[in-house]
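The UniProt record's numbering numbers the first residue of the sequence shown as 1 and each following residue consecutively. All C-beta atoms, glycine included, are put in the ideal place defined by N, C-alpha and C. Quick caveat, the model's predicted, so the values are computed rather than measured. As structure tokens, the structure follows; a few thoughts come after it.
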Amino acid sequence: MAYGMAWLVKTLVDAGTLNVSKMHYIGHSLGVQAAGLQVSQLFFSYYICLDPAGMDFKHENLNTEDADFVDVIHNNYGFLQRKIHSPIGHVDFYPDGNGQGRQSGCNSFGAY
1 MAYGMAWLVK TLVDAGTLNV SKMHYIGHSL GVQAAGLQVS QLFFSYYICL
51 DPAGMDFKHE NLNTEDADFV DVIHNNYGFL QRKIHSPIGH VDFYPDGNGQ
101 GRQSGCNSFG AY
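This is the structure:
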């Protein structure tokens, strides 16, 4: 899927109908890993990574060398414990306090 998407975007760029330097890539969980696979073919100026998955993707992870700016939001830190928790972007946000406990009002699994 990731390589197919990279091929499509690259084809549009080569045809002169798309300018990747003006595009933003937004990926969630495994979509962040798909972006990691695409960077070998494309260079977007801005990546937004939402809850990057950490399941055995040691070499495909995005990092600060993959775009002009990589913005990472680690939003669901405690849920299933299958996320990347360490900073990998130019800016990393931890809205839930980096797994320091549940936010107020979240007292059960159903509250997530």
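Alpha-carbon to alpha-carbon, residue j and residue i
i, j, result
"residue 70", "residue 32", "11 Å"
"residue 51", "residue 63", "14 Å"
"residue 83", "residue 43", "24 Å"
"residue 48", "residue 68", "11 Å"
"residue 89", "residue 15", "31 Å"
"residue 38", "residue 85", "22 Å"
"residue 91", "residue 7", "29 Å"
"residue 11", "residue 19", "11 Å"
Pick from the options that is closest to residue i, judged by C-alpha positions
i, options, result
"residue 65", "10, 35, 8", "35"
"residue 72", "29, 43, 42, 38", "29"
"residue 96", "75, 38, 44", "75"
"residue 27", "94, 46, 87, 7", "46"
"residue 54", "25, 2, 87", "87"
Span of the alpha helix (DSSP H) around residue i
i, result
"residue 8", "2-14"
Limits of the unbroken beta strand (DSSP E) element including residue i
i, result
"residue 70", "69-73"
"residue 91", "91-93"
"residue 88", "Careful: residue 88 lies outside any beta strand (DSSP E) and carries neither H nor E."
"residue 42", "Residue 42 -> no beta strand (DSSP E), and no H or E assigned at all."
"residue 27", "24-28"
Buried or exposed (CB count within 10 angstroms, at least 16 for buried), residue i
i, result
"residue 4", "exposed"
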